[in-house]
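Student: Residue numbers (numbering that gives the first Met the number 0), protein chains in the order written: chain R, 0 to 287; chain E, 0 to 113.
Just dropping this structure here.
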Amino acid sequence: MATTLVLGALAVVLAGPFPWGLSRWRGLRRTPAAAMLLWQSTALAAVLAALGAGLSLATERLWEPPVTAVDVVVAGLAGAVTLVVLARLAVSGHRTGTALRRMRRVHRERVDLVAEVDRGVSVLEHELPVAYCVPGMTGARIVVSRSTLTTLAPAELGAVLEHERSHLRARHDLVLEAFAVLHRAFPRWVASAAARREVEVLVEVLADRAACRAGDRRALASALLALAGSPAPAGSLGSSGSSLAARVEVLRDTRPRPVQAAGVALLAAAILALPTLLVVLPWLAGLR
Amino acid sequence: MGELEQAVLEVLWGLDAPASGREVHERLSGRDLAYTTVMTVLDRLARKDVVVREREGRAFRYAPRLTRAAMTAELMHEALGGTDTDREQALVSFVGEASAEDLAALRRALDELA
C-alpha cells in the first residue's frame, strides 16, 4: 500500500503544486539550461509516478493471496486508469506530431518555391520584417523577409540568425512538442499549461543566450526592438508578448549563477532518481 | 528537383492564362529537359496545391493557384502566427507580439546596455 500512496502523492505534487510553484519562480529563468532540465524531469517523473501508482496498486492487490473479488475489481480499475493515461499520451503524441510535421512540410515546400536563398537563409520578398525558423529532421529552414535584411544592422542580423540557428541545433522544437503533447493529453486538473508556457519562454531565453555568446547583447536587444516594434497586420499576431518581457528581464542581467544552476540541476536529477531508488526498486524486488 | 519546380512555377507566373504541359516545356527549351520531366514537375506542383489544373479535351492546363506576391503574403501570414497555437508552434518566430509595456522595457534595457 505504501508504494501506491507514495507514488500517487508524488504524481499529484509533480503534476500540480510543484510546477505551479516553479512557474512563479522568476529567477529560475536566469539559469535556463538547468531550468529546462528541471521542467523536463518534473514532467517525466509526474507521468512515471502516475503510471507507477496505478501499476503498483494493481499488483499489490493481485500478488498477495487470498485474492478477493474486491481485489480484482480494484486492480482492474487501477489498470484501466493506467491504460487511459497511456492511451491519452499516445493519441495526443500522434496527433500533435503529425499535425506539426504536416504544417512544417507544407510551409517549407512553399518557402522553397518563392524564397531566394542567400547564404543559407531563405528570403521572402515582403515589406514587413520577420525572422523565424521551420524546424525539422531533414531540411530545416531559417526564413527572413527582405525588410529584415534591409532594416537590421549586420551585428543585429547576426544575432537574429544565431538565435534561430541555436533553436535548430538544440532541437528546441522537440521540447516544445513534448510539452504540447502533455498539455493536449491532460489539458485540465494539472499544471500542463503553465509548464508549456514556461518552456516556451525558456527556449527563447536559451536561444538569446546563444546569440549573446556569439555576438553582443546590445545587438540582440536592438534586433528584438526592431522586429517586435514593427506593425503587423491586424488579427495576425501571436500571443507571446509576455514572453518578450521575460526575455528582456533575463537579458538585462546575464551574470552566471553557478550555485543556482548546480542546485537546480541536482534537483532535476533527484526528482527522477529518488522515487526510482526509494520506491520502485523495493517494489519490483518484492514482486518476486 | 526543387530548383526545377521553381523554374516551372516561374514560367507559369510569367503567363497570363493557364498553360498546357507542352507550352511550359517549350518555354523551358533552353534547359534541355524531357517533356515527361516537365509533366512530372507539374504533377508534383499540383499535388502540393501550388498549381491548379483544369481538363481541356484530353490534356490538362496548368495555372498557379496564387500569384507570387499572394503566396509570399500567405507565408508571412502563417509566420506571424494568428490565433492558431499549433501553427504558432510549427514555425518558431524570433519575436512575437509586443505590448507597449514590453517595448518600453526593451528600450530601457537597451539604454542600460549602452
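For glycine and all other residues, C-beta sits at the position ideal for the given N, C-alpha and C.
Note that this is a predicted model, so its numbers are computed, not measured.
Find the residues of chain R that neighbour residue 158 (chain E), judging by a C-beta separation of less than 9 Å, and give them in chain order.
Tutor: Outside the displayed span of chain E (0 to 113) sits residue 158 (chain E), for which this structure offers no information.
Student: Which of helix, strand or coil does DSSP assign to residue 176 (chain R)?
Tutor: If DSSP states are grouped into helix, strand and coil, residue 176 (chain R) belongs with the helices.
Student: Please report how far the alpha carbon of residue 198 (chain R) lies from the alpha carbon of residue 38 (chain R), in whole angstroms.
Tutor: Distance between the alpha carbons of residue 198 (chain R) and residue 38 (chain R): 7 Å.
Student: Return the residue from the list R:20, R:187 and R:6 that minimises the CA-CA distance to residue 54 (chain R).
Tutor: Minimum Cα distance to residue 54 (chain R) is reached at R:6.
Student: Return the first residue and the last residue of the beta strand (DSSP E) that residue 124 (chain R) is part of.
Tutor: Run containing residue 124 (chain R): none; DSSP gives neither H nor E here.
Student: Which residues does DSSP pair with residue 130 (chain R) in a beta bridge?
Tutor: In DSSP, residue 130 (chain R) forms a bridge with R:143.
Student: Please state whether DSSP places residue 63 (chain E) in a helix, a strand or coil.
Tutor: If DSSP states are grouped into helix, strand and coil, residue 63 (chain E) belongs with the strands.
Student: In terms of alpha-carbon separation, which member of E:27, E:47, E:16 and E:14 lies closest to residue 106 (chain R)?
Tutor: That would be E:47, whose Cα lies nearest to the Cα of residue 106 (chain R).
Student: Give me, in chain order, the residues of the same chain whose beta-carbon lies closer than 6 Å to that of residue 165 (chain R); leave out the 5 immediate sequence neighbours on both sides.
Tutor: Cβ within range, chain order: 206 and 209.
Student: Does residue 72 (chain R) pass the burial test, meaning 16 or more other C-beta atoms within 10 Å, or should it be called exposed?
Tutor: Label assigned to residue 72 (chain R): exposed.
Student: Can you tell which of R:64, R:140 and R:12 has its C-alpha closest to the C-alpha of residue 42 (chain R)?
Tutor: Here the closest residue by C-alpha is R:12.
Student: Out of curiosity, what's the CA-to-CA distance linking residue 249 (chain R) and residue 28 (chain R)?
Tutor: Distance between the alpha carbons of residue 249 (chain R) and residue 28 (chain R) is about 7 Å.
Student: Taking 8 Å as the CB-CB cut-off, is residue 101 (chain E) touching chain R?
Tutor: Yes, residue 101 (chain E) counts as interfacial toward chain R.
Student: Does residue 89 (chain E) get closer than 8 Å to chain R when you measure Cβ to Cβ?
Tutor: True, the Cβ-Cβ gap to chain R drops below 8 Å.
Student: Hey, out of R:50, R:81 and R:114, whose CA is closest to residue 1 (chain E)'s CA?
Tutor: Closest option to residue 1 (chain E), Cα to Cα, is R:114.
Student: Are residue 244 (chain R) and residue 104 (chain E) touching if we call contact CB-CB under 8 Å?
Tutor: In contact: residue 244 (chain R) and residue 104 (chain E) (Cβ atoms closer than 8 Å).
Student: Just the chain R side, please: which residues come within less than 9 Å of residue 49 (chain E) by C-beta, in chain order?
Tutor: The contacting residues are 108, 109 and 112.
Student: Return no unless some Cβ of chain R is closer than 8 Å to the Cβ of residue 36 (chain E).
Tutor: Not one chain R Cβ lies under 8 Å of residue 36 (chain E).
Student: Among residues of its own chain, excluding the 5 on either side of residue 94 (chain R), which ones have a beta-carbon nearer than 8 Å to its beta-carbon?
Tutor: Taken in chain order, the residues that qualify are 183.
Student: If I measure Cβ to Cβ from residue 131 (chain R) and keep anything under 6 Å in the same chain, skipping five residues before and after, which residues do I get?
Tutor: Contacts found: 142.
Student: How about residue 225 (chain R) and residue 150 (chain R): do their beta carbons lie closer than 8 Å?
Tutor: Cβ distance < 8 Å, so residue 225 (chain R) and residue 150 (chain R) count as in contact.
Student: Any chance the segment 154-161 of chain R sits against the segment 212-227 of chain R, with 3 or more Cβ pairs inside 8 Å?
Tutor: Counting Cβ pairs under 8 Å, three or more are found: they touch.
Student: What's the gap between the Cα of residue 73 (chain E) and the Cα of residue 97 (chain E)?
Tutor: Whole-angstrom Cα-Cα distance: 22 Å.
Student: So who's on the other strand from residue 117 (chain R), going by DSSP bridges?
Tutor: According to DSSP, residue 117 (chain R) bridges with R:120.
Student: Would you mind working out which of R:19, R:10, R:181 and R:63 sits nearest residue 285 (chain R), comparing C-alpha positions?
Tutor: The shortest C-alpha separation from residue 285 (chain R) is found at R:63.
Student: Could you tell me the alpha carbon to alpha carbon distance between residue 55 (chain E) and residue 17 (chain E), rounded to whole angstroms?
Tutor: Between residue 55 (chain E) and residue 17 (chain E), the C-alpha separation is close to 10 Å.
Student: In the DSSP assignment, find the unbroken alpha helix (DSSP H) run with residue 60 (chain R) in it and report its ends.
Tutor: Segment 31-62, the alpha helix (DSSP H) holding residue 60 (chain R).
Student: Given this structure, state the Cα-to-Cα distance separating residue 10 (chain E) from residue 137 (chain R), to the nearest angstrom.
Tutor: Residue 10 (chain E) and residue 137 (chain R): Cα-Cα distance of roughly 28 Å.
Student: List, in chain order, every chain R residue whose beta-carbon is nearer than 7 Å to that of residue 77 (chain E).
Tutor: Result: 106.
Student: Work out the CA separation of residue 50 (chain R) and residue 273 (chain R) for me, nearest whole Å.
Tutor: Each residue's alpha carbon lies about 16 Å from the other.
Student: For residue 1 (chain E), which residues in chain R fall below 9 Å Cβ to Cβ?
Tutor: In chain order: 108, 111 and 112.
Student: Listed from N- to C-terminal order along the chain, which residues in the segment 254-280 of chain R have their beta-carbon within a distance smaller than 8 Å of any beta-carbon of chain E?
Tutor: Result list empty, no residue passes.
Student: Could you check what DSSP says for residue 168 (chain R) in three-state terms: helix, strand or coil?
Tutor: Helix, per DSSP.
Student: Quick one: grab the DSSP three-state call for residue 16 (chain E).
Tutor: Coil.
Student: Any C-beta of chain R sitting closer than 8 Å to the C-beta of residue 94 (chain E)?
Tutor: Closer than 8 Å: yes.
Student: Please report whether the beta-carbon of residue 171 (chain R) lies at a distance below 8 Å from any beta-carbon of chain E.
Tutor: Interface residue, yes.
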